[in-house]
Amino acid sequence: MAPSNSKIAGARLQQIQRVMEESSRRPFIRAYGKADLEAIMHIVSFGPRLLSLSARIPRAPLTYTSQDETTQKANPLQCRVTAHSAAATEPANTIVPLIFALPYVILHPEYTFVLDNGHGDCVGYCVAAPCSTTYLERYKSEYLPTLDRSLYPPPPPSPGAVAGNEIERTGKNGDVAGALLQRLYYPDESVLHSKWPGLLEDYPAHLHIDILPEYQGHGGGKRLIEALMAKLQADRVRGIHLMKSGESNGAEIFYGRMGFERYPIIMDGGESGEIGRKTGGGVCMVQKSC
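Take the position in the sequence shown, starting the count at 1, then add 1; the result is the number in the numbering used here.
Next up, the structure:
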């Protein structure tokens with residue numbers, strides 16, 4: 002017996018409803034919320050949970066204290082997913098998000114944008130500081146004191162160390178954790194680029210962006226950058242810079258499509274002969290925002 006027209010119509014309606022429901026759950030960009038902290042740390046790096054001292058568990062290799070409830074709990078898993086392979090082992094793997102994610106969501110949550118998978122989950126993010134000089138001041142006075150130095154004691158300063166691109170430059174066989182701890186506690190040159198004062202004069206903001214591998218290549222990165230640039234323009238921030246791995250040609254192509262270009266100065270003393278390339282291999286890219 003053939004199905005009735007009403008049953009066919011009902012089945013088609015259900016199919017349409019399912020399609021509409023699924024389409025409404027496509028990835029989209031939204032503002033950062035406190036509930037996203039754990040996911041952002043997960044994107045930057047796999048690893049144990051970050052917990053406040055009041056909630057420490059034995060397996061957690063990192064704890065910190067903070068009065069801001071957004072820092073009470075985080076999972077550095079996401080940061081490690083996209084971290085350089087040389088930082089795949091502990092303790093380097095846990096240090097990565099302490100540099101490239103956590104301070105930004107604490108100090109500048111208004112410049113943090115989230116790629117939502119359509120189900121409320123953060124699967125990518127973009128963080129930024131609108132003024133690198135102010136960011137460094139707040140990093141030292143507000144962020145560093147929250148870290149538990151008994152677990153990650155500050156190393157002695159190494160004034161001669163090459164700043165920036167620590168993971169790639171040190172490599173898998175070097176002391177990546179030691180290089181990252183230098184960056185964590187002594188970030189001045191990595192943030193200020195003091196040899197090139199014109200950089201921060203024209204491009205005072207800087208950013209970091211990460212997306213889970215399975216969500217890359219579908220336009221999420223483009224929309225994250227667009228959201229950030231709109232915020233910078235609204236706040237009349239002159240320009241923005243970023244440091245990318247010298248090994249990643251794909252990243253340079255992506256940023257080029259988003260309007261970034263290499264900083265038009267040779268930054269490694271002529272070693273490479275390339276504009277924008279710093280000592281250590283990293284490449285600086287810039288874009289005017291207003």
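For glycine and all other residues, C-beta sits at the position ideal for the given N, C-alpha and C.
Bear in mind the structure is a predicted one, so any value in this text is a computation, not a measurement.
For residue j and residue i, believed in contact at Cβ under 8 Å, the rounded distance
i, j, result
"VAL287", "GLU253", "Not really, about 13 Å apart at Cβ, beyond 8 Å."
"ILE226", "MET259", "5 Å"
"LEU193", "LEU201", "7 Å"
"LEU213", "GLY125", "6 Å"
"GLY277", "ARG263", "3 Å"
"GLY179", "PRO156", "6 Å"
"GLY222", "SER290", "About 17 Å separates the two Cβ atoms, so there is no contact after all."
Buried versus exposed, by CB contacts within 10 Å (16 or more), residue i
i, result
"GLY271", "exposed"
"CYS123", "buried"
"THR135", "exposed"
"PHE101", "buried"
"PHE29", "exposed"
"VAL177", "buried"
"LYS96", "As written in the sequence, residue 96 is Ile, which differs from the Lys given in the question. Buried, by the Cβ-count rule."
"LYS279", "buried"
Top-ranked residue by Cα proximity to residue i, from the options
i, options, result
"GLU111", "ASN250, LEU229, ARG237", "LEU229"
"GLY119", "ARG13, ARG27, CYS291, GLY277", "ARG27"
"PRO131", "ILE276, HIS207, GLY34, ILE266", "HIS207"
"ARG1", "ASP149, ASP189, VAL97, SER151", "The chain is shown from 2 up to 291; residue 1 falls before or after that span and cannot be answered."
"LEU233", "PHE114, ALA40, GLU39", "PHE114"
"CYS127", "ILE41, LYS141, PHE261, ASP203", "ILE41"
"PRO205", "GLN217, ARG237, LEU185, GLY220", "ARG237"
"GLY220", "LEU116, LEU137, SER159, SER249", "LEU116"
"ASP269", "LYS141, ALA93, TRP197, ALA231", "TRP197"
Bounding residues of the beta strand (DSSP E) (the contiguous stretch that carries residue i)
i, result
"HIS242", "240 to 245"
"LEU31", "Residue identity check: residue 31 is Arg in the sequence provided, not Leu. ARG31 -> beta strand (DSSP E) spans 29 to 32."
"PHE114", "114 to 117"
Which residues DSSP lists as bridging residue i, in chain order
i, result
"GLY283", "Beta-bridge pairing links GLY283 to no other residue."
"PRO207", "With the sequence shown as reference, residue 207 is identified as His, and Pro is not the correct amino acid for it. Note: HIS207 sits in a beta bridge opposite ALA130, HIS242."
Unbroken alpha helix (DSSP H) run spanning residue i, endpoints
i, result
"ILE44", "38 to 45"
"GLY222", "221 to 235"
"GLY125", "Segment 123 to 130 is the beta strand (DSSP E) holding GLY125; no alpha helix (DSSP H) there."
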